[in-house]
Amino acid sequence: DFQMLLGMEFLCASKMVPMAHLRSVSIMDERPPCMVPTVSTRKDKGKAVVVSTLQQRQGGDSNRSLPERDLKVQR
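Each residue of the sequence shown is one higher than the last, beginning at 284 in our numbering.
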């Protein structure tokens with residue numbers, strides 16, 4: 284049903300908590316926690332919902348992105 288799934292190892296290592304009722308993902312790092320908004324799209328008249336997140340900006344000029352080994356894409 285989903286086009287992208289996050290691995291449990293990634294969720295535990297990054298201290299991420301999906302919050303579907305708030306349409307966001309919470310990152311509970313040692314720094315202050317932050318909320319990353321998600322984008323939901325419907326296909327097949329609402330039978331399947333695809334949720335994706337944007338890259339979260341980390342302090343300074345570096346970006347925190349999702350490692351490819353923790354992503355599973357179904358086609």
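Glycine residues also receive a C-beta, built at the ideal position from the N, C-alpha and C atoms. Remember, predicted model here, so these are calculated numbers, not experimental data.
Identity of the residue in the options nearest residue i by Cα
i, options, result
"Val-322", "Pro-316, Met-291 and Pro-301", "Pro-301"
Beta-carbon proximity list for residue i, same chain, < 6 Å, skipping 5 on both sides
i, result
"Arg-306", "Thr-321"
Chain-order list of residues whose beta-carbon lies under 7 Å from that of residue i (same chain, five-residue window excluded)
i, result
"Met-318", "Ser-307 and Ser-309"
"Ser-297", "Ile-310"
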